[in-house]
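S.K.: Residue 1 is where the sequence shown starts when you use the UniProt record's numbering, and the numbers rise one by one after that. Virtual Cβ for every residue (Gly too), placed ideally from N, Cα, C.
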Amino acid sequence: MSSILLPETLGDELEKMINSFWWGSNKASGKGINWLRWEKLTMRKEHGGMGFRHLYGFNLTMLGKQGDENMTVANLVNYSESKWHITKVQQLFNQEDAAAILQIPLQFLNEDDVLIWRFSRNGNYSVRSDYYHLMEVVIENNHLKVEGNWNKMWKLNIPKKVKIFLWRSLRECLPVKERLIRKGVQCDPKCPCCDLNTENEWHCFFGCKAAQEVWIEVGMWDNLHQQIDNAAGYKQLVFHLLDNLQSTNMAQIVMTLWMIHWQTKSKMLEQHATNDV
Ligand SMILES: [Zn+2]
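#1: So is Asn70 buried or exposed if we call it buried at 16+ other beta carbons inside 10 Å?
#2: Apart from the five residues on each side of it in sequence, which residues of its chain come closer than 7 Å, Cβ to Cβ, to Glu15?
#3: Under 7 Å: does the beta carbon of Leu196 sit that close to some heavy atom of ligand 1?
#4: What is the DSSP secondary structure of Trp221, reduced to helix, strand or coil?
#5: Relative to ligand 1, is the shortest distance from any of its heavy atoms to the C-beta of His272 smaller than 7 Å?
#6: Identify whether Trp167 lies in helix, strand or coil by the three-state DSSP scheme.
#7: For Gln227, which residues in the same chain have their Cβ closer than 8 Å to its Cβ, ignoring the five residues on either side in sequence?
#8: Does the distance from the CB of Leu245 to the CB of Leu166 come in under 8 Å?
#9: If we count the other Cβ atoms within 10 Å of its Cβ and call it buried at 16 or more, is Asp97 buried or exposed?
#10: What residue does the alpha helix (DSSP H) around His240 start on, and which one ends it?
#11: At a cut-off of 7 Å, is Cys187 close to ligand 2 when judged by its beta-carbon and the heavy atoms of the ligand?
#12: DSSP three-state label for Lys145, please.
#13: Quick check: is any heavy atom of ligand 1 less than 7 Å from the C-beta of His203?
#14: Return helix, strand or coil for Trp84, following the three-state DSSP convention.
#15: Should Ile164 go down as buried or exposed, given a rule of 16 or more other Cβ atoms within 10 Å for buried?
#16: Give the DSSP-derived three-state secondary structure of Thr264 in the structure shown.
#17: At a cut-off of 7 Å, would you count Ala100 as near ligand 1, judging by its Cβ distance to the nearest heavy atom?
#18: Drop a sphere of 10 angstroms on the beta-carbon of Gly219, count the other beta-carbons inside from all chains shown, and report buried for 16 or more, exposed for fewer.
#19: For Lys235 versus Trp154, is the C-beta distance shorter than 8 Å?
#20: Hey, Pro189 and Glu178 are a contact pair by Cβ (cut 8 Å); roughly how many whole angstroms apart?
#21: Looking at the structure shown, is Lys183 part of a helix, part of a strand, or coil, going by DSSP?
#22: When the Cα atoms are used, what is the spatial distance from Gln252 to Thr9?
#23: Comparing the CB of Ala210 with every heavy atom of ligand 1, is any distance shorter than 7 Å?
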């Protein structure tokens, strides 16, 4: 297979198109909003992203792999001197990327002259490990990492769509009224359940009377209300619970959040139907 290095701007355009597609295209319900930049979605799941592919990064990786035999990363290394082939790297990559690659320390094990690619678990070179390494080191994206026990969240024994709902709520991508208004969508900011407060995650899931009734009904209120009183906000509370509860209990909490989410949504649809009559 042969690869060419696409201009970075073309990669950006493609990413924008895929991003719009992923978030949907229904403007009226806030689905037309690209809630997060593609770059943030390409972060690994453990860092708060969705693990989607960074096109430019992947393109660079495939280029490095080009021709299998004649252009793997191994060919960019001068084994006898344990150094990078500086000119080859400089020819293949732009100035900035080449400089970053040349900074990567090479690590060899001298037993039987075996080359170890230290960025994969078994030491063999693979596009996957090369890509992950590139994303970690060459493409500077540390500032996009979001703290939190994401691994535990993705491993919860709940349906995938519920995990994505929870991820969206933690990445501030749920179409709650407060946020929709900030994004320029004109709508009534009030919570459709109580018609008193502005609708945001905190109110919707913990503050609203309607939500608290659900927590009481499922028998979790007694255990939760103190933590709710002490919490600094929605995200902090959910991550605190994730850190401190067993996965089975956390799964019940997330399923209840999902239930409350649908209760609010159906309330909103009811109101729309009444307004339309
Ligand atoms: Zn309310």
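M.R.: Let me lay it out:
#1: Only weak support exists for where Asn70 lies, its pLDDT of 46 falling under 50; the coordinates are left without a value.
#2: Trp38 and Leu55
#3: yes
#4: helix
#5: no
#6: helix
#7: Leu237, His240 and Leu241
#8: no
#9: buried
#10: Tyr234 to Asn244
#11: Absent from the structure shown: ligand 2. Ligands present: ligand 1.
#12: coil
#13: yes
#14: strand
#15: exposed
#16: helix
#17: no
#18: exposed
#19: no
#20: 6 Å
#21: coil
#22: 44 Å
#23: yes
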